[in-house]
Structures are given as structure tokens and as C-alpha cells.
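First the structure, in the form of C-alpha cells, and then the observations on it.
Numbering (our numbering), first residue to last: 9 to 171.
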């Protein structure tokens, strides 16, 4: 049996979607502190608790997020990449943003990569101090091309309040 030359038409192995796991300090201390504050009605710089139904369990899952108001719309950006909340939101098509006793239900539409650069720039302008290290040197002053180069690593959802 002779080996066939590689034609380039063979499918390449799929790599796992980009995801950066939170470190122990972030996960066990900072996120819990932020979640505790949000439950008491204090959203640091506008942070909220995202609640979304688990795609397998159907149970509510929660995590702190940083919603972005930009050009008359509201967005959720996933700085850590294709996280569990991203996968759950894709499956559920919506969720809730919570602060204190207030609950805002929303529907979500994921943006294609080509629509992300302006939103990512605005997000980094507001939240770089917290999430900038997760964007591999790309920041609010980066070109559209540089932002587009990392767009596939950072899901973005346009959210619309229900009701």
C-alpha cells in the first residue's frame, strides 16, 4: 500500500473553540464578590448577573457579566471566549439580567464576526481595565482588522429587552 500525496482537500482536524478558564482568584473570590454585590443591588460599573437556562439541565445558571450599551443597542460580550454561558445562551435564545430584585428578560442574537469590531472596540473602551488581558494585546485603539482577527474568539450577542 502506497501513501497518497496530500491534496489539500482533506478536512483539517477541528480545533476547540477559544476559551480561557478563570483562575482561582477570579473564579473563587472576585466573581463571587461581584455576584454578592449585584444580588444586593450594587453593579460595579454596570455589571449584572446573567441568568440563562442550562442547555442540558434546563436549570438556571448564573454568572456576572458586563453588559454594554452602544449606539442605541445592548450587547453581551464573552471576553473568555466560548464559555458555558455562551453555549447556554445560544441554545436558549435569551435569558435574564439581574441586579438586586430587578429582573430584565431579554432575547439574544449572536453577531457574525464581521459586525463585531465596533462593538468590541466600545466594550474594550469601557471594560479593558478588567478584561483587557483576555484580548491578547488588542484594545480600543486597535484597527478594525486587528479586532476582526480576534472576533471569532469572543462571541457577541445583541440583546433586546422583552416586554
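C-beta: ideal position from N, C-alpha, C; glycine also.
Any contact of the stretch 115-125 with the stretch 151-163, i.e. 3+ C-beta pairs under 8 Å? yes
Near residue 74, what residues of its chain come up, given a Cβ to Cβ distance below 6 Å and the 5 sequence neighbours on each side ignored? 55, 135
Inspect the CB distances between the stretch 45-65 and the stretch 95-109 and report whether three or more fall short of 8 Å. yes
With DSSP run on the structure shown, which of helix, strand or coil describes residue 3? Absent from the model: residue 3. The displayed extent of the chain is 9 to 171, so no value can be given.
Exposure label - residue 133; buried when at least 16 CB within 10 Å: exposed
In the DSSP assignment, find the unbroken beta strand (DSSP E) run with residue 118 in it and report its ends. 110-118
Under three-state DSSP, which class holds residue 60? strand
Measuring straight from C-alpha to C-alpha, what distance separates residue 60 and residue 170? 14 Å
May I ask you to report which of helix, strand or coil DSSP gives residue 54? helix
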